[in-house]
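Below you'll find the structure, written out as structure tokens, and then a few comments.
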Amino acid sequence: MPEFVDPGSLGIVRPVYFKEAVPVIPALDVAITVAFYEEKLGFTELFRAGDPPVYAGLQRDGVKFHIFECMDKRIADWTAFRVYVRGIAELYAISRTARIIHPNGVLGETPWRTTEFTIVDPSGVAITFVEQKPMDDR
53 MPEFVDPGSL GIVRPVYFKE AVPVIPALDV AITVAFYEEK LGFTELFRAG
103 DPPVYAGLQR DGVKFHIFEC MDKRIADWTA FRVYVRGIAE LYAISRTARI
153 IHPNGVLGET PWRTTEFTIV DPSGVAITFV EQKPMDDR
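Position one of the sequence shown corresponds to residue 53 (the working numbering), numbered consecutively onward.
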């Protein structure tokens with residue numbers, strides 16, 4: 053395992069700051085997947101590349117992710133990520149009406165003080181939406 057190098061020893065004065073992470077998720081069909089996130093969850097398309105598209109970017113509020121064409125369904129089926137939200141009960145109602153809830157992903161509370169549920173996109177990618185309970189809400 054490489055050792056951490058002290059930035060000061062390299063003459064770096066400004067500290068390193070990680071700004072954001074943007075997951076890149078697989079899609080069997082990028083256009084269908086973009087439409088899914090726009091129509092079912094209110095995301096906005098930022099860009100798309102190719103015709104037909106092989107790569108695209110989406111955003112809603114402070115959440116961004118990219119989609120890439122991947123014809124291996126196994127990769128999509130084994131891809132998952134978590135998105136922290138406010139208003140999880142309302143989002144669950146929207147997702148339930150849209151019939152996109154994962155069969156094992158119903159709304160529930162966890163021992164680690166979150167309320168969460170999971171959806172599945174058209175390619176099989178699982179996204180768990182999470183709302184953290186306030187620390188004083190015991």
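All C-beta atoms in this analysis are idealised placements derived from N, C-alpha and C, irrespective of residue type, glycine included.
Next item on the list: Would you mind giving the Cβ-Cβ distance between residue 111 and residue 93, rounded to the nearest angstrom? I have them listed as a contact below 8 Å.
Entry: 11 Å between Cβ atoms; not a contact.
Notebook entry, point to check: Going by other Cβ atoms of all chains shown within 10 Å of its Cβ, with 16 needed for buried, is residue 157 buried or exposed?
Noted result: Around the C-beta of residue 157, 16 or more other C-beta atoms lie within 10 Å, and the residue is accordingly described as buried.
Check: What are the partner residues of residue 118, as DSSP defines its beta bridges?
Finding: 76, 109
Next item on the list: Work out the CA separation of residue 136 and residue 162 for me, nearest whole Å.
Entry: 14 Å
Item checked: residue 69, DSSP secondary structure in three states -> Annotated three-state conformation of residue 69 is coil, per DSSP.
Checklist line | Cβ neighbour criterion (16 or more within 10 Å) applied to residue 192 | finding: Outside the displayed span of the chain (53 to 190) sits residue 192, for which this structure offers no information.
Notebook entry, point to check: Between residue 120 and residue 78, which are expected to be in contact by the criterion C-beta below 8 Å, what is the C-beta distance as a whole number of angstroms?
Noted result: 6 Å
Next item on the list: Let me know if residue 131 comes out buried or exposed under the rule of 16 or more other beta-carbons within 10 Å of its beta-carbon.
Entry: With 16 or more Cβ atoms within 10 Å of its Cβ, residue 131 is classed as buried.
Next item on the list: May I have the straight-line CA-CA distance separating residue 105 from residue 87, to the nearest angstrom?
Entry: 12 Å
Item checked: Element boundaries [beta strand (DSSP E), containing residue 182] -> 178-184
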